[in-house]
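Numbering (the UniProt record's numbering), first residue to last: 1 to 330. These notes are about the structure you will find just below.
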């Protein structure tokens with residue numbers, strides 16, 4: 001099969017589109033999937049830059065989420081059949097091969113049924129960002145109806161899904177964007193207060209929107225100085241969730257406000273083999289699939305590129321300003 005592999009950490013040029021052996025079903029419970037579309041995520045660029053997260057070594061196939069059709073089932077598989085349309089988040093970190101490939105083999109339990117009305121590209125774009133947004137808002141921050149939420153980078157992959165999940169929960173949403181070009185997009189998703197952070201200070205704007213109280217929940221997708229300043233935009237006894245390492249920080253103000261600080265890394269169950277957490281993520285995907293089918297949730301596709309254009313895909317993602325998700329087509 002054709003796949004993309006990383007032989008040495010580094011820049012986008014380290015992504016090699018090449019012929020590799022087809023993956024084989026090696027144990028009971030596995031299925032082989034013909035990948036029709038694969039999502040491109042910031043974590044893919046990080047493992048490309050730094051190398052695999054496991055000690056098995058190089059080379060490895062990156063890519064964490066995908067959608068496709070089952071073409072073979074292993075012994076003991078009863079919940080899936082050849083021809084089933086599925087989507088999933090699995091592999092790509094250096095242990096199990098990832099999704100930048102024509103085929104993948106994984107446990108059937110890690111695949112989720114895909115409604116016929118949801119196309120493969122949309123489904124491939126959803127798993128990592130949907131699970132990240134869900135766990136951040138509902139599992140970490142316990143977002144409730146009527147609460148106020150600040151989402152950073154609302155036009156990005158996680159951000160634009162988080163806005164929609166919050167609105168489905170009945171929360172009110174403010175978001176930051178880097179350009180006026182994104183105003184209509186995030187407004188259409190349900191954002192009530194939209195802050196172009198290059199034109200307005202997001203802390204001042206958030207406090208004005210909440211009449212000085214601050215938001216009950218903030219989701220930081222940027223890290224660093226943005227995380228540190230976001231503390232000032234959160235209400236006393238509120239929640240601040242970050243997807244990134246904020247670095248060296250002074251926690252005095254966060255402590256004074258009695259904030260609940262949380263980290264979100266949706267890859268932890270895969271990295272640490274946490275079966276119950278993986279099952280929970282499957283349930284999240286099941287619900288998101290229902291919302292995608294009903295039109296209550298949308299995943300924005302920035303562009304769909306052929307798998308052999310993977311170098312260009314990584315360059316575009318790392319250039320910033322992306323609205324929605326990039327997709328690769330094997």
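Every residue, glycine too, gets a C-beta built ideally from N, C-alpha and C.
On the DSSP bridge assignment, give the partners of residue i in chain order.
i           : result
residue 296 : None, per the DSSP bridge assignment.
residue 89  : 65
residue 19  : 2
residue 113 : 86
residue 103 : 34
residue 130 : DSSP lists no partner for residue 130.
residue 327 : 39, 304
residue 172 : 148
residue 177 : 196
Return the residue from the list the options that minimises the CA-CA distance to residue i.
i           : options            : result
residue 113 : 82, 102, 140       : 82
residue 387 : 182, 156, 238      : Nothing can be reported for residue 387, as the shown portion of the chain is limited to 1 through 330.
residue 270 : 278, 59, 138       : 278
residue 105 : 27, 39, 51, 121    : 27
residue 332 : 56, 284, 230       : Outside the displayed range of the chain (1 to 330) lies residue 332, so it cannot be described from this structure.
residue 133 : 111, 125, 161      : 161
residue 257 : 237, 243, 276, 164 : 237
residue 295 : 10, 115, 12        : 115
residue 124 : 38, 285, 136       : 38
residue 192 : 145, 169, 180, 163 : 163
residue 381 : 55, 33, 11, 22     : Any answer about residue 381 is impossible in this case: the structure gives the chain only from 1 up to 330.
residue 49  : 69, 8, 77, 89      : 8
residue 323 : 24, 3, 41, 174     : 41
residue 70  : 76, 55, 87         : 87
residue 285 : 111, 75, 1         : 111
residue 266 : 24, 89, 25, 165    : 89
residue 290 : 139, 165, 308, 309 : 165
residue 308 : 102, 76, 29, 67    : 102
residue 76  : 25, 272, 329, 147  : 25
residue 293 : 119, 253, 68, 255  : 119
residue 327 : 235, 199, 303      : 303
Might you give, ordered along the chain, the residues of its own chain that have their beta carbon closer than 8 Å to the beta carbon of residue i, omitting 5 neighbours on each side?
i           : result
residue 79  : 108, 109
residue 183 : 177, 194, 196
residue 233 : 150, 202, 203, 206, 207, 214, 215, 218
residue 56  : 94, 95
residue 274 : 268
residue 224 : 244, 246, 247
residue 187 : 194
residue 262 : 136, 140, 141, 239, 240, 241, 242
residue 29  : 74, 75, 76, 77, 107, 108, 109
residue 315 : 12
residue 250 : 228
residue 138 : 165, 169
residue 198 : 178, 179
Just to confirm my understanding: we take residue i, look at its own chain, exclude 5 residues before and 5 after, and list those with CB closer than 7 Å. What are they?
i           : result
residue 5   : 16, 18, 20, 59, 60, 61
residue 145 : 169, 170, 171
residue 167 : 173, 190
residue 13  : 311
residue 226 : 152, 220
residue 35  : 66, 68, 99, 101, 102, 103, 104, 330
residue 297 : 164, 288, 291
residue 22  : 1, 103
residue 143 : 137, 149, 166, 169, 171, 217
residue 200 : none
Since residue i and residue j are thought to touch, with beta carbons under 8 Å apart, how far apart are those beta carbons, to the nearest angstrom?
i           : j           : result
residue 64  : residue 44  : 7 Å
residue 313 : residue 301 : Contact flag wrong, Cβ pair sits at about 12 Å.
residue 321 : residue 179 : 7 Å
residue 241 : residue 126 : Actually they are not in contact, since the Cβ atoms of residue 241 and residue 126 sit about 20 Å apart, beyond 8 Å.
residue 73  : residue 33  : In fact, because the Cβ distance is near 10 Å, the residues do not count as touching under 8 Å.
residue 210 : residue 252 : Actually they do not touch by this definition, with Cβ atoms about 22 Å apart.
Excluding the 5 residues flanking residue i on each side, which residues of the same chain have their C-beta closer than 6 Å to its C-beta?
i           : result
residue 122 : 299
residue 130 : 161, 288
residue 243 : 221, 264
residue 91  : 97, 98
residue 281 : 131
residue 54  : 94, 95
residue 239 : 141, 217, 260
residue 158 : 129, 132, 133, 221
residue 212 : none
residue 283 : none
For this session: At 3 residues or longer, and completely inside the segment 30-74: list those beta strand (DSSP E) runs for me, N to C.
Result: 30-40, 65-73
Problem set entry | Runs of beta strand (DSSP E) lying entirely within the segment 189-270, each at least 3 residues, in chain order | 193-196, 215-220, 234-242, 260-263
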